[in-house]
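Here is the structure we will look at, set down as structure tokens.
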């Protein structure tokens, strides 16, 4: 193997490793974005459920009282 072919072989290896590194970084960034989205969505659902629970008892009691009053 002469020196030029050896250098070309190292360049190919370097190129493949660099592309693999870039792909890995992209994959990590995608996973982090997905994780961030899921955490935000879970928090949004949690807040929505919490607001429904806090408003439900007051509304249902009042609605029952009104229904009973209107039936009589």
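Numbering (this note's numbering), first residue to last: 12 to 83. For each residue, glycine too, the CB sits at the ideal point set by N, CA and C.
Cβ shell of residue 76 (< 6 Å), same chain only, five flanking positions each side left out: Position 65 of the chain shown holds residue 76. The pLDDT assigned to residue 76 is 49, lower than 50, so where the model puts this residue is not dependable; a value taken from the coordinates is nonetheless given after this. Same-chain partners within the cutoff: there are none.
Rounded C-alpha distance that separates residue 42 from residue 19: Numbered from 1 along the chain shown, position 31 holds the residue referred to as residue 42. Numbered from 1 along the chain shown, position 8 holds the residue referred to as residue 19. Those two C-alpha atoms are separated by around 35 Å.
7 Å CB neighbourhood of residue 73 in its chain, flanking five on each side removed: Within the chain shown, the letter at position 62 stands for residue 73. Bear in mind that a pLDDT of 49 at residue 73, under 50, signals an unreliable position, so the model cannot answer this.
Neighbourhood of residue 61 by C-beta distance below 6 Å, restricted to the same chain and skipping five residues each side: On the chain shown, residue 61 is found 50 positions in, with the first residue counted as 1. For residue 61, where only same-chain residues beyond five positions count, there are no Cβ hits under 6 Å.
Under the three-state DSSP convention, the category residue 23 falls into: Residue numbering aside, residue 23 sits at position 12 when the chain shown is read from its first letter. Under the three-state reduction of DSSP output, residue 23 falls in the helix class.
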